[in-house]
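Asker: Quick note, the sequences are listed as chains E and S, same order.
Each residue of the first sequence is one higher than the one before, starting from 127 at the first, in the working numbering.
Each residue of the second sequence is one higher than the one before, starting from 4 at the first, in the working numbering.
C-beta: ideal position from N, C-alpha, C; glycine also.
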Amino acid sequence: MKVALFSPMPPERSGIADYSALLLPALQARCEVAVVKRAARKPPRGTDLCVYHIGNNPEAHGWIVEALRRTPGVVVLHDFVLHHLVAGLTIGRRDGHGYLDAMEREGGVVGRLLGHAVLDKRIPPLWENRPEDFHLAGEVLGLATGLIVHSRYVEDRAHAAGYDGPVWTVPHPAFPVPDLQPADVAGEPLLATFGNVNTSKRIPQLLEAFARVRRRNEASGLLLVGATSPGFDLDRRLQRLGLDGAGLVREGYVDERRLWQLMIAADVHVSLRSPTMGETSGTAIRALSLGKPLIVSDVGWFAELPDDVALKVPVDEQEVETLTAALELLATRPDVRDAMGSAARSLAEREHDLGRVADLYVAAFELAAGGGAVSDSVLREVSEAGAGIGITAGSAEAQEIAARLAEADLGG
Amino acid sequence: MRIAVVRPQVPFARGGAEIFSDALVEELQARGHEADSVTVPFKWYPGARVLTQAFLWRLLDLTEADGKRIDMVVATKFPSYLVRHPEKRVWLVHQFRQAYELDRTDLGQFGESPEDRAIRRQVQQLDRIGLGEATRLFATSQNVAGRLERATGLVAEVLPHPAQELSYRNDGSGDFLLSVNRLDRAKRIDLLLEAAAAEPSLRVVVAGDGPDRPRLEQLVRDHGLDGRVRFAGRVPADELATLYATCFATYYAPIDEDFGLGPYESFLSGKPVITATDAGGPLEVVRDGTTGRVVPPVASAVASAAVWLREHSSEAAAFGRAGNAIAISVTWDRAIGRLLS
Chain E
127 MKVALFSPMP PERSGIADYS ALLLPALQAR CEVAVVKRAA RKPPRGTDLC VYHIGNNPEA
187 HGWIVEALRR TPGVVVLHDF VLHHLVAGLT IGRRDGHGYL DAMEREGGVV GRLLGHAVLD
247 KRIPPLWENR PEDFHLAGEV LGLATGLIVH SRYVEDRAHA AGYDGPVWTV PHPAFPVPDL
307 QPADVAGEPL LATFGNVNTS KRIPQLLEAF ARVRRRNEAS GLLLVGATSP GFDLDRRLQR
367 LGLDGAGLVR EGYVDERRLW QLMIAADVHV SLRSPTMGET SGTAIRALSL GKPLIVSDVG
427 WFAELPDDVA LKVPVDEQEV ETLTAALELL ATRPDVRDAM GSAARSLAER EHDLGRVADL
487 YVAAFELAAG GGAVSDSVLR EVSEAGAGIG ITAGSAEAQE IAARLAEADL GG
Chain S
4 MRIAVVRPQV PFARGGAEIF SDALVEELQA RGHEADSVTV PFKWYPGARV LTQAFLWRLL
64 DLTEADGKRI DMVVATKFPS YLVRHPEKRV WLVHQFRQAY ELDRTDLGQF GESPEDRAIR
124 RQVQQLDRIG LGEATRLFAT SQNVAGRLER ATGLVAEVLP HPAQELSYRN DGSGDFLLSV
184 NRLDRAKRID LLLEAAAAEP SLRVVVAGDG PDRPRLEQLV RDHGLDGRVR FAGRVPADEL
244 ATLYATCFAT YYAPIDEDFG LGPYESFLSG KPVITATDAG GPLEVVRDGT TGRVVPPVAS
304 AVASAAVWLR EHSSEAAAFG RAGNAIAISV TWDRAIGRLL S
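#1: I think residue 179 of chain E touches residue 210 of chain E, with their Cβ atoms under 8 Å apart; what is that distance to the nearest whole Å?
#2: For residue 426 of chain E, tell me which candidate among E:525, E:207, E:134 has the shortest Cα-Cα distance.
#3: Relative to chain E, which residues along the region 26–59 of chain S have a C-beta separation below 7 Å, given in chain order?
#4: Would you say residue 445 of chain E reaches chain S, if we count a Cβ-Cβ gap shorter than 8 Å as a contact?
#5: Using C-beta distances below 6 Å, list every residue in its chain close to residue 269 of chain S, excluding the 5 sequence neighbours before and after it, in chain order.
#6: By Cβ distance, which residues of its chain are closer than 8 Å to residue 241 of chain S, with the 5 residues on each side in sequence left out?
#7: Can residue 534 of chain E be considered in contact with the ligand ADP, in the sense that its beta carbon sits closer than 7 Å to one or more heavy atoms?
#8: Is there a Cβ of chain E sitting closer than 8 Å to that of residue 122 of chain S, yes or no?
#9: Tell me the DSSP secondary structure of residue 339 of chain S in three-state form.
#10: I believe residue 463 of chain E touches residue 456 of chain E by the beta-carbon criterion, under 8 Å. Please report the beta-carbon distance rounded to the nearest angstrom.
#11: Just to confirm the assignment, what range does the alpha helix (DSSP H) spanning residue 79 of chain S have?
#12: Residue 210 of chain S and residue 180 of chain S - do their beta-carbons sit closer together than 8 Å?
#13: Quick check: the Cα distance between residue 189 of chain E and residue 145 of chain E, rounded to an integer number of angstroms?
#14: Please report the residue range of the beta strand (DSSP E) in which residue 395 of chain E lies.
#15: Within 10 angstroms of its Cβ, does residue 275 of chain E collect 16 or more other Cβ (buried), or is it exposed?
#16: For the region 492–525 of chain E, which residues have a CB atom closer than 7 Å to at least one CB atom of chain S, in sequence order?
#17: How would you label residue 319 of chain E, buried or exposed, when you count the other beta carbons within 10 angstroms and need 16 or more for buried?
#18: Express the C-alpha separation of residue 489 of chain E and residue 153 of chain S in angstroms, rounding to a whole number.
#19: Are the C-beta of residue 384 of chain E and some C-beta of chain S separated by less than 8 Å?
#20: Any contact between the region 240–252 of chain E and the region 278–298 of chain E? By contact I mean 3 or more CB pairs, one from each, below 8 Å.
#21: Within its chain, find whatever has a CB closer than 6 Å to the CB of residue 231 of chain E; leave out the 5 residues flanking it on each side and keep chain order.
#22: Near residue 152 of chain E, what residues of its chain come up, given a Cβ to Cβ distance below 7 Å and the 5 sequence neighbours on each side ignored?
#23: For residue 274 of chain E, which residues does DSSP report across the bridge?
#24: Counting only Cβ pairs nearer than 9 Å, list the residues of chain S close to residue 530 of chain E.
#25: What residue range is occupied by the uninterrupted alpha helix (DSSP H) comprising residue 324 of chain S?
#26: Using the DSSP secondary-structure output, state which residues sit across from residue 376 of chain E in a beta bridge.
#27: Can you tell which of E:316, E:159, E:133 has the C-alpha that lies nearest to the C-alpha of residue 127 of chain E?
#28: If you compare alpha carbons, which of E:420, E:458, E:341 is closest to residue 471 of chain E?
#29: Look up residue 274 of chain S in the DSSP assignment and say whether it is helix, strand or coil.
#30: Would the beta-carbon of residue 313 of chain E fall within 8 Å of that of residue 373 of chain E?
#31: How many Å lie between residue 397 of chain E and residue 376 of chain E at the Cα?
#32: List the DSSP bridge partners of residue 179 of chain E.
#33: Just the C-alpha distance for residue 195 of chain S and residue 229 of chain S, rounded to the nearest angstrom, thanks.
#34: Given 8 Å as the limit, is there contact between the region 327–336 of chain S and the region 211–223 of chain S, that is, 3 or more CB pairs closer than that?
#35: Rounded to the nearest angstrom, what separates residue 175 of chain S and residue 315 of chain S at their Cα positions?
#36: Please tell me whether residue 117 of chain S has its Cβ less than 8 Å away from any Cβ of chain E.
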């Protein structure tokens, strides 16, 4: 079976490129997978199945959506909310009508009017301040012949959006842990968060909670690693919160080696998110592999992590208080950190093992490529047998047979 | 209790799984249960036929029969465990192995077309559904349980079952090596014949029948083994017991066998077993130098092991006794007690 893979790949700087690069050798060990060159419109000749990795970044995924439009196939949906992607594919290409159509498809007349307001700059871009209200995943879902997701959250949202095709939930693979020495960073314990520094990573809330922890535990440190998003002024945030930045260690974008060294150095990993686009966090997966305790927001994929590996902070009016309590618990209880870290490592080995993930992918590929023909064949034989003894479509017997077929995942 | 023991039936074929299932019904009846066997013909080819035939089980209503409730169903092999019942117990003999470890081997069924690959995955999906519904899940051996867990993540309790009823006895060490098995490629009778070809002093009796018989008979002719290798076919119980009683050892070396009743029957007759390092289930009871000989799956090694057992009769007898101690500990009382608990 030949699979054509449409995905960003390194050296593109993207979590999905890293993801695909990690997974590709394991997939190729199990079936014939060809990576399609960036901007190619068609799969190679003889392809049995096209697989499209789609995330919310128009730079990385715009060409992939265009290829999907030409040849429908299985979509690996890394983010459920695709508003930014759709905006890039429409407004970013001077296709305002395309954006209005997408908004109308999802939000009706109100959606179209809001779209107009965005185009006229009467309101801020919806992909920045209300993406969760208008996911704009409809077109991609409509083109997908099968869906691979990383969480029940995305599966549920896809169904809620009207998608009724097959869905396979495949965990994010664990990254191999390099044999590196920890970076030398002050903080006892060292709390850390990785990724872009912005409001959706709940950095303001984290800064405030850390300041409270620091009052009681002056040795503790907070490491912020990642580029600062445009429009997010860390110093002003600190000022506004009345914080002096004591104990705060800042590193911008770092290469993979440095990232691991910093992650190894951290005692507690904090991975907060709101709103969620339905994404999985590659850095949280790395934390699991490293056996580090996690503090996460109680949303989306993060909420599905087992309770013994992550403390979950609801995004509500008590968020800072809850986050403070979680940080203090892990800052003061090494035994709890150890227990959670051990559970995290075990989870990574059990659920996120690269070979297991590749097996699940290939199972999905095989069902996606041949499952339709097999279902047709089964349904034809069953319906012919039924018709032969007078069971007609719509009869109670036919309905019972259809229910049993559906129960056995054989169509129906 | 009213118990339906369910299994697929391949018309005109009868092997260990059928013997086991019938014995289970009899043993349940002997313990005061109202037990009966429920079978549905099974054909697993061509194409998606394996799925439609499996699906037949899904349409059965075994919650009651003739107005009386059926308290429990016990399913033994694919696809019978797809049957629906609120108290479904599975005592797994094996899954549909072509969809698992036999895939992409000479014994596999599915090709590389997208349809074939998808059928194989659908069989696996049926297993997850049918076995996942079981209120209790047993496997006849650690080998079967291990395969199940690797393939589906489902964990089964290991519950071996006793060998068939025969008048087991030991009449001393005769001059022949005995094979009792169905004649199909996976049972690897050809390896035994190659061993006989390699060792001119070796005499062999092959009991059992099956689709590989013409090929095996041709192999005997090709190697000029007539007179030293006898195909006894399917033999009556008394004759089988006599063969066990008078051989000097038995050969039982299928490829990655599920469980393997052969060693138990051999041990009940006090005879050691020769098996291969890749035989699967038999390795749980056949231990090299303790209850038999475990050798690489090559003819010369099988031949050497056979000669050694024939020429070291006291050691062979000791191996047989050690095996006997294992076999007699597996009783229907214990097995049924756990199955129904």
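Answerer: Quick answer:
#1: In fact, because the Cβ distance is near 16 Å, the residues do not count as touching under 8 Å.
#2: E:207
#3: 50, 51, 54, 55, 58
#4: no
#5: 253, 276
#6: 170
#7: The ligand ADP is absent from the structure shown, which contains no ligand whatsoever.
#8: yes
#9: helix
#10: 5 Å
#11: Residue 79 of chain S -> not in any alpha helix (DSSP H); beta strand (DSSP E) instead, spanning 75–80.
#12: no
#13: 18 Å
#14: 394–397
#15: buried
#16: 492, 493, 495, 496, 497, 499, 500, 503, 504, 507, 508
#17: buried
#18: 14 Å
#19: no
#20: no
#21: 264
#22: 480, 481, 484
#23: E:202, E:294
#24: 58, 61, 62, 87
#25: 316–331
#26: E:350
#27: E:159
#28: E:420
#29: coil
#30: yes
#31: 16 Å
#32: E:202
#33: 14 Å
#34: no
#35: 13 Å
#36: yes
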